[in-house]
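Residue numbering for the sequence shown follows the working numbering, beginning at 4 and increasing consecutively.
First up is the structure itself, then whatever we jot down about it.
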Amino acid sequence: MSQAIVFSQTGGPDVLSLQSLPLGKIGPGQVHLRHTAIGVNFIDTYQRSGLYPTPLPSGLGSEAAGVVAAVGEGVSWLKPGDRVAYAGGPLGAYCDERIIDARHLLRLPDGIDDEAAACMMLQGMTVEYLVQRCSPLRPGMTVLWHAAAGGVGQIAVQWLRAMGVTVIGTVGSEEKAALARELGCPHVINYRSEDVAARVREITGGQGVPVVYDSVGKDTFEISLACLAPRGIFVSFGNASGAVPAFAPLELTSRGSLFFTRPKLGDYIASRAELEASAQALFQRVLDGAIRIAPSHRYPLAEAARAHRDLEARRTTGSLILLP
Ligand code: NDP
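As structure tokens, this is what we get:
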């Protein structure tokens with residue numbers, strides 16, 4: 004049996020409950036995995052709330068680290084005892100053990116512990132594709148990153164600094180501002196109390212930025228548009244405050260021939276080769292010491308609802324994990 008968080012209706016964190024479920028049989032190409040740490044991501048709240056519809060009843064969670072307990076037929080590259088991690092595959096990472104297709108798994112290097120792995124796969128590979136493949140960046144550029152003290156935000160600030168890109172980060176509190184500065188963000192704006200567009204123009208000598216990375220969504224959409232330089236790129240990659248409303252393409256013309264993209268990780272790690280390349284780039288940055296990643300908040304698996312409440316109430320910084 005597996006202890007798993009499940010939900011049979013969408014709604015607030017209270018729809019989540021811990022249940023004992025049959026583990027099922029291991030099939031060809033599959034692995035029986037014992038989780039040691041599980042990543043909590045904002046996307047989990049969209050699936051739970053119904054913003055991203057999913058067939059119900061459903062498990063939850065897309066990311067974890069663990070130890071291989073057994074391998075199915077045809078899985079020759081893994082053996083019991085191997086340490087692995089993943090981001091993606093069917094929902095259901097919020098559990099102590101599961102059967103999962105081996106193609107989602109990545110072997111963990113010795114220098115990366117399970118807790119760090121559980122909070123870096125999804126957020127770290129997201130940063131990899133956003134800064135290395137989604138938008139053309141060069142050293143010396145200055146970009147705007149919203150929610151810079153969050154899970155994805157903290158990794159992004161460090162990665163961009165390592166690339167020689169200057170980050171203007173937005174945050175929702177003074178405590179988060181201090182954290183973002185400490186991680187290497189030379190310009191931090193509290194978007195609850197300051198005029199972000201005015202500050203960005205001031206910092207960039209009136210130019211605006213060539214790229215805005217916006218995962219806050221509804222509340223920052225207009226602000227992000229106002230911060231872009233002509234021919235700049237609006238990378239809209241999340242909806243923490245709600246989905247971005249529909250807008251007319253002519254809006255992009257009138258602001259200076261802007262580009263708009265709404266990317267998701269799955270499309271940037273769609274092939275096994277892309278998945279491995281993204282993970283290796285991330286592991287390398289961590290092993291080199293350019294990026295430090297560790298969970299800021301730990302919860303027992305049974306308290307997944309509390310983790311969601313904290314995340315949605317903007318009480319967290321960095322990454323959250325569940326411990327089975
Ligand atoms: P975070 O740790 O960044 O948490 C979200 C943060 O958003 C909060 O801490 C808060 O920071 C800020 N925020 C602003 N307004 C709100 C609001 N109304 N409600 C809640 N939070 C708000 O989460 P993650 O690191 O897990 O994810 C960050 C974003 O990246 C999410 O939007 C997620 O969906 C997206 N994402 C997208 C991916 C993709 O491929 N497209 C992949 C992975 C993540 P503050 O208090 O400083 O404002």
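Cβ atoms here follow ideal geometry from the backbone N, Cα and C, with glycine treated the same way.
- Among the bridge pairs identified by DSSP, HIS190 is matched with ILE171.
- Contact between LEU81 and VAL71 holds: their C-beta atoms lie close to 5 Å from each other, under 8 Å.
- In the structure shown, VAL71 falls within a strand segment according to DSSP collapsed to helix, strand and coil.
- For PHE45, the Cβ falls inside the 7 Å cut-off from some heavy atom of the ligand NDP.
- Between TYR216 and VAL168, the C-beta spacing is not below 8 Å.
- Remark: the shortest separation between the CB of ARG317 and any heavy atom of the ligand NDP falls under 7 Å.
- In this structure the segment 99-114 does not lie against the segment 128-138, because fewer than three pairs of beta carbons, one per stretch, are closer than 8 Å.
- Beta bridge pairing from DSSP links GLN6 with SER23.
- Relative to the ligand NDP, even the nearest heavy atom lies 7 Å or more away from the CB of ALA119.
- Listed in chain order, the non-local C-beta contacts of ASN44 below 6 Å within the same chain comprise LEU125, local neighbours out to five positions each way being set aside.
- Under the three-state reduction of DSSP output, VAL78 falls in the coil class, being neither helix nor strand.
- In this structure, DSSP gives GLU197 a state outside helix and strand, which the three-state scheme calls coil.
- Within 7 Å of the C-beta of LYS82 there is not a single heavy atom belonging to the ligand NDP.
- Taken in chain order, the complete beta strand (DSSP E) segments of 3 or more residues contained in the segment 190-252 are 190-193, 212-217, 231-239.
- The closest heavy atom of the ligand NDP lies 7 Å or more from the beta carbon of VAL160.
- Between VAL9 and GLY62, the beta carbon gap of about 6 Å places them in contact (Cβ cut-off 8 Å).
- When rounded, the separation of the alpha-carbon atoms in ASP99 and ARG37 is 6 Å.
- Ranked by how close their Cα comes to the Cα of ILE41, the residues ARG317, THR319, ARG309, ARG301 have ARG301 in first place.
- For the segment 99-148, the continuous beta strand (DSSP E) assignments of 3+ residues that do not extend past its boundaries occur at 100-104, 145-148, in sequence order.
- Shortest gap from the CB of PRO60 to any heavy atom of the ligand NDP: 7 Å or more.
- Boundaries for VAL155: no beta strand (DSSP E) harbours it, while the alpha helix (DSSP H) harbouring it runs 154-166, taken from the DSSP string.
- Under DSSP, the beta-bridge partners assigned to ALA88 are ALA68, LEU109.
- Within the same chain, PRO16, ASP17, LEU19 come within 7 Å of ALA308 by CB-CB distance, once the 5 residues on both sides are set aside.
- Judged by beta-carbon spacing, THR173 lies beyond the 8 Å limit of ALA200, meaning their Cβ atoms are not closer than that value.
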